[in-house]
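One line per chain: the protein sequences are Z, F, Y and B, in this order. Each residue of the first sequence is one higher than the one before, starting from 1 at the first, in my numbering. Each residue of the second sequence is one higher than the one before, starting from 1 at the first, in my numbering. Each residue of the third sequence is one higher than the one before, starting from 1 at the first, in my numbering. Each residue of the fourth sequence is one higher than the one before, starting from 1 at the first, in my numbering. For each residue, glycine too, the CB sits at the ideal point set by N, CA and C. Fair warning: this is a prediction, and the values are worked out from it, not measured in the lab.
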Amino acid sequence: MRANLPHPAPPGTAAYTPPVLQLAGISKRFAGITALNKVALSVQPGEVMALVGENGAGKSTLVKTLTGIYQPDEGTIVLDGQAVTFANAQDAMRAGITAVHQESVMFDELTVAENIYVGRQPMQGGRIDWPRIEREAVQLFARLEVTLPVRARVKDLSVAQRHFVEIARALSQQARVVILDEPTAALSQREIHELYRIVRQLKEAGTAIIFISHKFDEIFTVADSYTVLRDGQYVAAGRLADISEGELVALMVGRAVHDAYPKAEVTPGPVLMEVKDFCHPTEFDDVSFQLRQGEILGFYGLVGAGRSEVMQALFGLTPLARGSVTLGGKAVRIGCAAEAIAHGIAYVPEDRQHQGAHLTMPILHNITLPILDRIGFFLRSRRARENAVARHFSEQLELKASHLCQHVAELSGGNQQKVVLGKWLATDPKVIILDEPTKGIDIGSKAAVHRFIGQLVSQGLAVILVSSELPEVLGLADRVIVMHQGRIQREFARIDATPERVVAAASGCEAHTEEAA
Amino acid sequence: MQATHSSRYTIHDRPGFRIKALLGKWETLLALLFVVAFLANGILLPTFLDPYNLADGTFNFSEKALIALPMALLIICREIDISVSGILALSSVAIGVAHTSGLPPEVLLPVALAAGTACGLLNGVLVTRFALPSIVVTIGTVSLFRGLASVVLGDKAFTGYPQLMADWGQGYFFGFIPREFVVLLVFAALFAVVLHCTRWGRRIYAIGNNPVAARFAGIEVNRYRLVLFMLTGAMAGLAAYLLTGRIGSTRPNIAMGWELEVITMVILGGVSIAGGAGTIGGVMLAVLTLGTVTYGLSLANIPGIYMTIVIGLLLLVTIALPRLLRGRKVAK
Amino acid sequence: MSLLNKNVLKQRETLLAASIVALVLLVGLRSPVFVSPASLANLLTDSTLLVMLALAQMLVIVTRGVDLSVASNLALSGMMAALLASRNPDLPLVLVVLAAAAIGLVLGLVNGWLIGYLELPPIVVTLGTMSVYRGLVFVLSGGAWVSSHHMPEHFIAFPLARLLGVTHLVWIAGAAVLAAWFLARHSRFGRDLYAIGNAPSCARYVGIPMARRLLWTYGLSGLMAGLCGYLWVARYAVAYTEIAYGFEFTVIAACVIGGISIAGGTGSVTGAVLGALFLGVIGNALPVVQVSPFWQSALTGIVILAAVLINARDGRQGGRQILPLHLGPNRSAA
Amino acid sequence: GDKGSAGAPPEGKVRIAMVVKSLGNGFFDAAHTGAKEAAGQLKDVEIIYTGPTTPSAEGQIEIVNSLISQKVNAIVISANDPNALVPIAKKAMARGIKVLSFDSGLAQEGRLMQLNPSNAELIGIKQLQMASDAIGGAGEVAILSASAQATNQNIWIDVMKGALARPEFAKLKLVTTVYGDDQSDKSYREALGLLRSYPNLKAIIAPTTVGINAASKAVVDEKLVGKVYVTGLGLPSEMAGHVKSGAVKQFAIWNPIDLGYAVTYAAYDFVKGAPDARPGGKIAAGRMGSIAIDAKGEAAMAEPFTYDAKNVDQFSKIF
Ligand SMILES: Nc1ncnc2c1ncn2[C@@H]1O[C@H](COP(=O)(O)OP(=O)(O)OP(=O)(O)O)[C@@H](O)[C@H]1O
Ligand SMILES: Nc1ncnc2c1ncn2[C@@H]1O[C@H](COP(=O)(O)OP(=O)(O)OP(=O)(O)O)[C@@H](O)[C@H]1O
Ligand SMILES: [Mg+2]
Ligand SMILES: [Mg+2]
């Protein structure tokens with residue numbers, strides 16, 4: 001049993017109950033950068049603390065140092081009044097600190113149950129106790145009130161389901177501190193609400209929760225207190241009750257940011273692209289829609305609805321069973337991505353790590369990859385041109401990097417996303433498809449991206465915006481198409497797209513109710 | 001687009017020049033190694049520095065190095081070809097068949113190239129069409145190719161090749177620069193330009209670095225793979241032409257086990273087996289270093305088997321040393 | 001879905017098993033002597049070494065690695081065992097076998113250390129040690145043969161001696177299969193290997209001691225090679241530098257045929273065993289059915305490719321099933 | 001690429017390089033012993049013993065290349081490929097190096113002289129003779145050779161096939177020829193295959209050391225000792241065990257020590273430019289007396305010596 005020693009009150013909060021976890025002077029350096037610089041933080045049992053900061057502020061790094069994945073260069077971690085050090089993730093888990101990390105931690109070929117207990121399977125007489133693992137997994141999901149086949153291989157799950165497996169892993173250990181690093185990034189409205197419920201459960205059970213997110217609405221919904229990091233340094237902490245959204249943003253960005261959804265007023269021009277009767281054996285069926293010049297067409301749907309698949313087919317990545325595309329009046333064949341790019345279509349994929357970025361290549365090469373044809377054959381002699389292009393877009397997106405030859409892997413999650421975005425803007429497209437473009441981007445940059453989308457349409461581009469963030473879709477789109485189970489469920493004009501109706505349509509209510517999952 | 005509103009962060013074009021970065025480069029390490037080996041040989045072995053000997057020494061690795069060039073591209077592209085020595089054998093047989101069936105000497109080179117390319121095509125098709133891992137495919141095709149060679153030859157051998165081939169295989173320019181070596185240098189330059197200065201090369205790196213993202217960026221990943229396999233086959237065919245010309249005979253066990261030596265050259269050259277990194281300069285440095293070391297050893301009449309030990313250790317040390325110096329770093 | 005997956009695996013393995021039986025019968029038709037009990041028993045005995053090495057190799061491949069040095073390791077520890085036994089004939093056999101295994105283990109651990117703790121790519125490391133170990137065989141033996149009359153009787157006799165009518169080789173292989181199965185399915189060690197193979201970068205997030213696991217995986221592979229080294233040398237009653245030259249590729253081929261993905265993370269003991277048996281059958285059938293010796297290599301190559309293609313057929317996953325399944329026959333084909 | 005006879009005149013010791021098919025081969029190690037003996041007697045001779053790791057022509061070429069650079073005085077070589085080494089051998093001779101071949105010969109234009117251990121005829125007949133002796137002159141025999149490309153073995157096999165026509169071998173029936181690639185496991189498997197496919201097989205002729213060992217082991221394992229006899233070419237030190245086990249009654253090998261000894265003397269004569277060192281002449285080979293060179297520049301030594309239970313132990317200590 002640990003003794004509860006008295007504590008200095010953690011900064012900004014009036015602490016009556018002693019904190020369960022307390023950090024002091026935590027620093028972490030990487031090759032070049034100082035990711036964390038003397039960070040202090042403290043949480044109490046049953047407290048939900050929002051950890052906020054811009055991309056690259058050091059949130060994830062802090063999580064990793066807390067969970068024994070990185071070892072801090074200096075500083076102390078005090079758990080229940082005892083200074084602790086973690087050699088590896090197992091130590092942290094045993095001590096009761098678990099996390100759902102920003103990047104997915106999944107073992108595709110293993111079953112759901114095993115994914116939860118991987119690395120610490122309960123043993124029984126020298127061999128793994130499989131029955132027990134499955135039993136406990138079932139109980140766990142029952143407690144979370146989500147239904148998942150524990151024997152399924154996770155590679156067969158949808159992104160959302162995978163996410164719940166990770167959450168289950170974090171909760172499988174009787175944790176006293178649970179850290180959620182951008183848990184809602186891949187989730188759609190419905191799952192997000194389930195997540196909230198789980199968080200409240202934990203809260204009532206007296207677990208301390210560190211909640212990392214770039215979405216302020218959810219921060220103010222679930223969290224009690226906040227801690228702000230900026231450029232790896234502790235900036236402020238306090239109770240959310242005592243602070244406004246604007247003030248919080250100002251704290252983390254170090255300056256004021258204006259409304260997140262600046263809708264540039266453009267009146268949609270003539271029809272630019274028409275998609276007719278797209279069909280795919282397994283993924284989607286008779287998808288047809290029009291896209292006007294200068295229009296932002298929103299695609300909403302539950303994660304797994306098949307939006308990305310449609311877009312990837314439109315971009316020539318997946319062969320169609322049937323379907324046709326007309327661009328600017330004349331029919332075009334799009335057999336491969338190269339042709340799509342040639343026709344002025346750009347697709348910004350949603351899966352940054354695997355589909356978007358070349359992590360161990362320089363920013364420069366990432367950005368110019370799709371437009372090498374235009375830059376020239378002998379790239380050596382075109383260096384200046386290449387640099388100019390890359391710099392132009394990095395600056396417009398306010399990329400945080402030291403030089404253009406830096407490897408993308410060294411950037412924070414959000415900044416990686418910006419590189420991918422820049423890469424596709426550089427193709428100077430007529431139609432740009434943005435699949436979850438602001439996934440994991442901080443509010444400051446998000447505003448930048450939205451401003452940018454505004455600019456794009458005002459220059460006569462047409463934008464397809466696939467997003468699982470309802471406010472974003474409603475805020476930006478002129479029309480909203482809602483997909484459900486691979487088919488277009490409904491289309492809303494801007495005016496009559498109310499959150500309720502859109503969400504309802506997304507979950508398959510209205511009309512074909514027999515299909516509702 | 002419209003005028004850039006400058007960002008809050010300043011981004012330089014390239015990192016400031018740091019001597020440490022230069023020293024940290026693999027090529028620097030290799031160059032150092034090469035110089036050391038060269039000097040050591042020069043000091044210890046009286047016969048080493050004789051220009052004629054040095055020139056002749058290049059015969060030992062020229063053909064292998066010619067295959068190492070496309071192999072480097074393949075490995076950068078996350079593929080590998082274990083079957084090169086099999087291709088070489090089969091191409092050599094093709095030359096023999098063509099020659100014995102009375103074709104003129106001039107067409108023998110095209111024949112070799114064609115045969116090699118065909119083998120490469122088979123590898124490429126199996127890898128790209130059926131999405132098979134190349135190491136698996138080529139483990140299969142290597143015994144297929146060699147097998148076919150021995151099917152054609154039985155227990156016979158092709159000999160009595162035309163002078164033209166001998167000239168290219170054994171001949172010299174200006175009396176002492178081996179033609180094979182010149183051919184190698186020309187191709188090395190060619191490959192270096194393609195890989196480092198053109199958009200083809202850039203795309204090869206991109207594919208090796210992240211094939212999916214490359215596909216999303218509009219690169220015809222499979223076409224590049226296919227072409228690289230065919231290129232490797234063709235270069236193996238060229239090597240077959242030169243080797244056959246040099247030794248003037250064809251047997252099914254010709255060039256047995258070369259694949260591993262070639263791959264060793266490439267890896268020692270700093271090409272990452274995980275793909276996406278490596279330079280032709282590095283590979284050529286590795287080739288020269290290996291050439292120097294082995295030639296030195298054989299001048300000292302050290303049995304070949306000790307050479308394999310030395311080469312193995314060389315490989316292990318050169319890849320382990322940087323890690324040991326840098327200490328174990330956190331994997332990303 | 002999971003059930004479906006398991007079925008796919010099952011299908012693949014039953015298919016392989018079936019084709020092995022078919023092959024045996026086919027050869028039997030051409031030359032009946034092949035299916036005589038004695039011949040089949042010998043076939044089994046003859047495949048044991050490949051089976052054992054394939055099992056160890058499987059564990060390695062599951063971690064996304066490969067061990068090219070097994071054959072050299074086998075030769076080295078085999079030669080050491082032979083020398084040991086011939087130098088002091090009255091040394092108990094147990095000690096000789098243990099020595100061979102220990103040497104193999106050490107050689108394997110060298111690989112493991114370089115790969116696990118220095119995070120060097122397996123193929124490169126084992127490519128290097130492959131030639132180093134092979135060279136050492138020559139150096140330590142002075143290039144000389146150790147042949148039957150140098151070796152003590154019991155040393156040679158053991159592998160083929162019978163217990164309950166079954167050769168020791170088969171008993172040992174059987175034990176190895178059981179051990180591997182338990183390791184792969186029911187031990188934390190084994191499961192960690194699968195996790196590592198599935199997502200190396202994620203292993204540290206769940207606190208799997210990757211370096212240590214890899215160290216011992218390659219150690220295990222070495223141990224097996226060492227044991228097989230003794231068995232090989234004793235079985236053929238001769239030890240020289242070139243023994244088992246190029247055998248590493250046969251072992252890898254066996255794993256590949258057994259459906260063990262080079263990409264790591266998947267692979268079953270059954271697969272490894274069947275793959276090895278498959279090659280064993282081929283190797284024993286070719287001499288019996290009088291195909292021209294010049295065709296043998298080509299045929300082996302074709303067989304490997306065929307097996308790989310069959311495995312690949314159900315290996316590739318298409319798109320996901322997003323559409324509801326009751327759309328009609330033509331669509332629901334996933 | 002000819003830079004005249006850059007091979008400097010032999011100052012001091014005469015350096016003779018012995019290039020063998022592959023190192024770690026008992027036969028050639030014995031030949032080396034012979035060469036050293038000769039060197040000891042000739043006083044001013046230095047022997048360089050070398051060869052590739054695996055028996056490959058390419059490997060030997062690299063070695064000869066370096067020997068040329070070292071300007072050795074003579075190269076005596078047992079070639080893995082009679083043609084593949086000709087170009088490099090010519091180059092060596094062009095640079096004033098005397099090239100001789102022994103055991104497994106080079107094509108004529110590639111060497112000054114070829115010292116056959118014995119002639120192919122003798123070797124082939126001898127092996128048939130031993131087989132027929134073992135099985136009482138009648139029955140099925142099979143051949144288990146090295147790789148299908150092994151030059152010597154193929155020559156001998158042709159001789160045997162030809163000789164089967166002779167009356168004394170009329171009752172011998174050669175059923176097949178298989179190849180073990182000089183790998184113990186494959187040879188063993190092939191031997192088993194023979195025993196299975198030919199139930200009334202009487203003898204296996206294996207003109208290669210790995211093969212004869214594997215075949216003997218197979219016969220023992222199959223408990224066919226006394227029913228099937230193995231014979232062929234092998235070294236006493238490697239065969240003694242199988243002779244004891246009874247699987248082998250007789251086997252043959254020419255004396256590698258004498259071979260190495262003689263070829264060293266021959267090379268010495270050529271370097272010193274002895275008047276008779278030429279096709280049609282003869283060489284003085286120390287204790288071996290003088291050996292005649294025929295018009296094609298070939299010389300042969302005695303017929304292979306046979307070993308059996310009586311003498312094998314005595315010789316197994318020597319080579
Ligand atoms: N493995 C690493 N090597 C080098 N630098 C790193 C590494 N991991 C993170 N960094 C750097 O540390 C800083 C903090 O990164 P971190 O991922 O913690 O930011 P973050 O707050 O999580 O941003 P985001 O909200 O985008 O996820 C960034 O500047 C990043 O470039
Ligand atoms: N079970 C799975 N196996 C492999 N990839 C998957 C799986 N589930 C999702 N993905 C991939 O992850 C990405 C996001 O998955 P998601 O469920 O969002 O599909 P989606 O149809 O794009 O959903 P959305 O409508 O939100 O775009 C998609 O590109 C999809 O290919
Ligand atoms: Mg983060
Ligand atoms: Mg999506």
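Per-residue DSSP class, three states only, for residue i
i: M273 of chain Z; result: strand
i: V291 of chain Y; result: coil
i: G211 of chain B; result: helix
i: H403 of chain Z; result: strand
i: V62 of chain Y; result: helix
Best match in the options for proximity to residue i [C-alpha to C-alpha]
i: V84 of chain F; options: F:A37, F:T250, F:A236; result: F:A236
i: D192 of chain Y; options: Y:W216, Y:L178, Y:W171; result: Y:W216
i: R246 of chain F; options: F:E27, F:S92, F:I75, F:I76; result: F:S92
i: M18 of chain B; options: B:V45, B:V312, B:Y49, B:A146; result: B:Y49
i: R333 of chain Z; options: Z:A321, Z:G316, Z:P349, Z:Y347; result: Z:G316
i: G257 of chain F; options: F:S143, F:E106, F:V107; result: F:S143
i: A180 of chain Y; options: Y:S221, Y:F158, Y:V291; result: Y:S221
i: G276 of chain F; options: Z:H365, Z:K203, Z:Q233, Z:T318; result: Z:H365
i: D13 of chain F; options: Z:W424, Z:R391, Z:A426; result: Z:R391
Classification of residue i by the beta-carbon crowding that lies within 10 angstroms, buried from 16 upward
i: V473 of chain Z; result: buried
i: F174 of chain F; result: exposed
i: T184 of chain Z; result: buried
i: V233 of chain Y; result: buried
i: S288 of chain Z; result: exposed
i: F377 of chain Z; result: exposed
i: H512 of chain Z; result: Annotation note: pLDDT 43 at H512 of chain Z (below 50); position unreliable, coordinate value reported separately. So H512 of chain Z counts as exposed.
Contact set for residue i: own chain, Cβ-Cβ below 7 Å, skip 5 residues either direction
i: P82 of chain B; result: G105, L106, A107, T151
i: L43 of chain Y; result: G280, V281, N284
i: Q41 of chain B; result: G286
i: V60 of chain Y; result: V66, D67, T217, Y218, S221
Same chain, Cβ closer than 6 Å to residue i, five either side skipped, listed in chain order
i: A295 of chain B; result: P279, G280
Cβ shell of residue i (< 8 Å), same chain only, five flanking positions each side left out
i: S290 of chain B; result: K282, I283, A284
i: W171 of chain Y; result: L163
Contacts of residue i in chain D (Cβ-Cβ under 9 Å)
i: F378 of chain Z; result: No chain D is part of this structure, whose protein chains are labelled Z, F, Y and B.
Counting only runs that start and end within the region 248-332 of chain F, where is the alpha helix (DSSP H) found for 4 or more residues in a row?
258-268, 280-299, 304-326
If we require 3 or more residues per run, which beta strand (DSSP E) segments fall completely within the region 399-461 of chain Z?
431-435
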